[in-house]
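Have a look at the structure below, then the notes.
Protein chains in written order, with the working numbering: chain A, 1 to 109; chain B, 1001 to 1111.
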């Protein structure tokens, strides 16, 4: 399947600190998607990136797609306790969708 | 909107028992998926269906069978459950290569 590596596996931050998670692929991706899963919940779609070098923002969240379309990042500015959860990147490979291993974010108030 | 509905939500099985996880979506999507989620392993694709009547293996298909009964329904069957199949199972659907919508999950324990 698609090899999408994601780091770090865990991140503990103090509320107000920034957070970044990274995804890397050994192959060029047609697009990449990001999902958030709250504890005990199911993954929920955040965004899709398609273009090389694309940057998209959603309030305090900034998503980037690398120039070579092999890596992506999600940056959260000034984390809040509501940001707690696991963030997954993922990509399609021959119509099947594969996820990275996820980054579990814990935010201490 | 119901979206993706999967049942049961919780199930405890004995080793060797069989069971079927049911999934239905009301968004008229062609693509449907079954994933399992284990701590530290992320979401791993078990089986995929591109359309009614077609299924394809994912990353971890061993020990599972699937049926795409019609466009709405995609079931996952464990013929002889093993403790290694203790996991959270998610059904999902999408239209082509766009957003994937997930069910609430099914927590399965095999003892």
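Where a beta carbon is used, it is the ideal one built from N, C-alpha and C, also for glycine.
Predicted model only: the values in this text are computed from it and were never measured.
Can you confirm whether residue 84 of chain A, when its beta carbon is compared against all beta carbons of chain B, has any partner nearer than 9 Å? Answer no: the Cβ-Cβ gap between residue 84 of chain A and chain B never drops below 9 Å.
Going by DSSP, what residues sit across from residue 1110 of chain B in a beta bridge? B:1013
Any heavy atom of the ligand PLP closer than 8 Å to the Cβ of residue 1100 of chain B? With respect to small molecules bound, the structure shown includes none, and the ligand PLP cannot be examined in it.
Determine the DSSP secondary structure at residue 52 of chain A, reduced to helix, strand or coil. In the structure shown, residue 52 of chain A sits in coil (DSSP, three-state: anything other than H, G, I, E or B).
Measuring alpha carbon to alpha carbon, tell me which residue in B:1080, B:1092, B:1060 and B:1108 is nearest residue 1068 of chain B. B:1092
Check whether the stretch 36-53 of chain A and the stretch 1015-1028 of chain B touch, using three or more Cβ-Cβ pairs below 8 Å as the test. no
What span of residues does the beta strand (DSSP E) with residue 72 of chain A cover, start to end? It spans 71-76 - the beta strand (DSSP E) in which residue 72 of chain A sits, taken as one unbroken run.
Starting from residue 1073 of chain B, follow its DSSP beta bridges and name the residues at the other end. B:1024
Spatial neighbours of residue 57 of chain A within its chain, please: C-beta separation below 8 Å, excluding the five flanking residues on both sides. 63
Please list the partners that residue 1090 of chain B has in chain C, where partner means a Cβ-to-Cβ separation under 9 Å. Among the protein chains of the structure shown, namely A and B, there is no chain C.
Beta-carbon gap between residue 116 of chain A and residue 10 of chain A smaller than 9 Å: Since the first and last residues shown for chain A are 1 and 109, residue 116 of chain A lies out of range.
So, residue 24 of chain A versus residue 95 of chain A, is the Cβ gap smaller than 9 Å? no
In the DSSP assignment, what residue or residues form a beta bridge with residue 1042 of chain B? B:1038
Residues of chain A with CB under 7 Å from residue 1102 of chain B, in chain order? Residues of chain A passing the Cβ test: 42 and 43.
Taking the DSSP output, what are the residues bridged to residue 157 of chain A? Nothing about residue 157 of chain A can be reported from this structure: the residues present for chain A run from 1 to 109 only.
Applying a beta-carbon distance threshold of less than 7 Å, which residues of chain A neighbour residue 1093 of chain B? Contact of residue 1093 of chain B with chain A by beta-carbon distance below 7 Å is absent, the smallest such distance being about 11 Å.
Spell out whether any CB of chain A is found under 9 Å from the CB atom of residue 1056 of chain B. So yes, residue 1056 of chain B belongs to the interface.
Check the Cβ of residue 65 of chain A against every Cβ in chain B and list those closer than 7 Å, keeping chain order. Correct list: empty, because the minimum Cβ distance to chain B is about 15 Å.
So, for residue 82 of chain A: in the same chain, excluding its five sequence neighbours on each side, which residues have a beta-carbon less than 6 Å away from its beta-carbon? Cβ neighbours of residue 82 of chain A beyond the five flanking positions: none.
How many angstroms separate the CA atom of residue 1042 of chain B from the CA atom of residue 101 of chain A? 4 Å
Which residues does DSSP list as the beta-bridge partners of residue 46 of chain A? DSSP, once it has assigned bridges, lists no residue as partnering residue 46 of chain A.
Have a look at A:8, A:27 and A:54 and flag the residue whose alpha-carbon is nearest the alpha-carbon of residue 93 of chain A. When only C-alpha atoms are compared, the closest one is A:27.
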